[in-house]
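Numbering (our numbering), first residue to last: 1 to 338.
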Amino acid sequence: MDKIRTKFINSPENITAELLEGYVMAYPDQVALAAENIVVRKNPKSEDKVAIVTLGGSGHEPALSGFVGDGMLDCSVVGDVFAAPGAQRLFQALQLMKREAGILLVVLNHSGDVMSANMACQLAERAGIKVRKVLTYDDISAGIDAPIDDRRGLAGCVPLYKILGAAADEGKSLDELVEIAERYTANVATLAVAMRSCSHPQNDAVITDLPDGIMEIGAGQHGEGGGGRKPLVSADDTAAEMVGMLCNQLKPAEGDKMMLIINGVGATTHMELSIVFRKALKELEARGVQVVYSRIQEILTVQEQAGFQMIIAKLDDDHIDYLKNYSANTPYWTTIGK
């Protein structure tokens with residue numbers, strides 16, 4: 001008996017190639033494929049400005065290639081579904097992006113991505129390519145005192161792409177961009193909640209068993225368990241609990257300027273996301289902080305998983321300026337500014 005189809009795909013082994021082909025066909029004025037699985041800006045920036053590059057597995061669309069374009073990423077190196085691209089593919093991208101101003105490589109803290117990045121940077125150094133690396137580790141589910149190695153990279157990387165893209169367009173040096181990024185990564189925190197797991201599109205395997213009526217606070221980028229299972233509660237109760245945990249991590253002070261983003265991860269409606277945002281904002285304002293930048297959007301999904309990621313950050317004035325006042329033109333993030 002033929003296997004029952006559950007997704008609109010063709011051959012499982014061709015998913016990544018076909019999704020990227022369709023993607024660049026849809027946005028030909030903004031993105032192009034420079035080589036297999038390497039997405040670049042259609043209109044490259046001048047080579048006297050630092051290139052911003054990232055890497056990660058497919059299956060999380062629009063992340064990460066959805067943010068390649070003017071004012072954000074210069075290049076995204078795409079791995080297979082939920083898998084890091086290999087070091088050789090990333091090194092190929094670094095060769096394509098080589099310039100005197102240098103390259104800043106943004107790496108989400110997942111073992112495969114980190115291993116590929118470390119190996120590719122070693123190859124780049126031998127080839128005379130100037131590259132620096134910044135690690136994002138915004139997931140707080142491992143606990144307030146968890147070492148950086150135990151903190152996964154979640155959707156908090158996406159606002160960083162906007163900040164770095166704007167700063168690079170302004171002409172900031174590679175060293176200056178690293179400093180800007182490290183200040184951001186030290187003050188951003190993300191927490192994910194799942195109420196239904198996703199399946200792997202290449203084999204239909206369910207990532208984790210999450211029964212009906214149960215939610216899990218602290219779920220990972222691929223739906224992995226986070227250890228916080230409990231009966232599903234209301235949007236207000238969920239948002240209040242998550243804001244409390246995030247603020248316990250960042251410890252914002254009264255008057256701090258903050259970012260709040262609710263990221264849908266695939267199967268949760270924008271109606272629900274808006275209701276969650278409403279309560280989260282009220283909770284933050286009750287703590288005396290000022291939310292100066294906010295979004296409700298699917299910026300990083302996990303296939304058909306139901307749930308969301310709540311991202312908050314304490315922002316410095318330059319971060320706010322780069323987020324709000326500089327233009328970006330990518331398929332999934334557009335702003336009009338100076």
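The beta carbon of each residue, even a glycine, is placed where N, CA and C say it ideally should be. The model shown is predicted, which means the values in this text are computed figures rather than measured ones.
Exposure of Met1, with buried meaning 16 or more beta-carbon neighbours within 10 Å: The residue you call residue 1 lines up with position 1 of the sequence shown. Annotation note: pLDDT 48 at Met1 (below 50); position unreliable, coordinate value reported separately. It is exposed - the Cβ of Met1 has fewer than 16 other Cβ atoms within 10 Å.
Integer Cβ distance of Val81 from His270, believed to fall under 8 Å: One-based indexing of the sequence shown puts residue 81 at position 81. One-based indexing of the sequence shown puts residue 270 at position 270. Not really, about 25 Å apart at Cβ, beyond 8 Å.
Thr6, buried or exposed, once every other Cβ within 10 Å from all chains shown has been counted against 16: For this step, residue 6 is matched to residue 6 along the sequence shown. Thr6 should be labelled exposed.
Run of the beta strand (DSSP E) containing Gly79, from where it starts to where it stops: Taking the sequence shown and counting its residues from 1, one reaches residue 79 at position 79. 75 to 81 is the extent of the beta strand (DSSP E) around Gly79.
Beta-ladder partner(s) of Ile52, from DSSP: Along the sequence shown, one-based indexing puts residue 52 at 52. Bridge partners of Ile52: Leu104.
Same chain, Cβ closer than 7 Å to Arg295, five either side skipped, listed in chain order: Taking the first residue of the sequence shown as 1, we reach residue 295 at position 295. Answer for Arg295: Ile261, listed in chain order.
Distance CB(Lys314)-CB(Gln290) smaller than 8 Å: Position 314 of the sequence shown, counting from 1, holds the residue named residue 314. Position 290 of the sequence shown, counting from 1, holds the residue named residue 290. Contact: no.
Closest residue to Lys133 among Ala142, Ile207, Ala155, Leu90 (Cα-Cα distance): Mapped onto the sequence shown, residue 133 falls at position 133. When each option's Cα is compared against that of Lys133, the closest is Leu90.
Stretch-stretch touch, CB-based, cutoff 8 Å, three pairs: the region 45 to 55 with the region 234 to 241: no
Check whether Val106 and Thr190 have beta carbons under 8 Å apart: Here residue 106 corresponds to residue number 106 of the sequence shown, with the count starting at 1. Here residue 190 corresponds to residue number 190 of the sequence shown, with the count starting at 1. No, the Cβ-Cβ distance between Val106 and Thr190 is not below 8 Å.
Status (buried if at least 16 other CB within 10 Å, exposed otherwise) for Phe308: In the sequence shown, residue 308 corresponds to position 308, counting from 1. Phe308 should be labelled buried.
Proximity winner among Cys247, Ala168, Ala83, relative to Gly102 (alpha-carbon distances): For the purposes of this step, residue 102 is taken as residue 102 along the sequence shown, with counting starting at 1. The option with the nearest alpha carbon to Gly102 is Ala168.
Between the CA atoms of Tyr293 and Thr185 - distance to the nearest angstrom: The residue labelled residue 185 in the question sits at position 185 within the sequence shown. The residue labelled residue 293 in the question sits at position 293 within the sequence shown. Taking the straight line from one Cα to the other gives about 16 Å.
Ordered list of beta strand (DSSP E) runs contained in the region 127 to 209, each at least 3 residues: 131 to 136, 188 to 196
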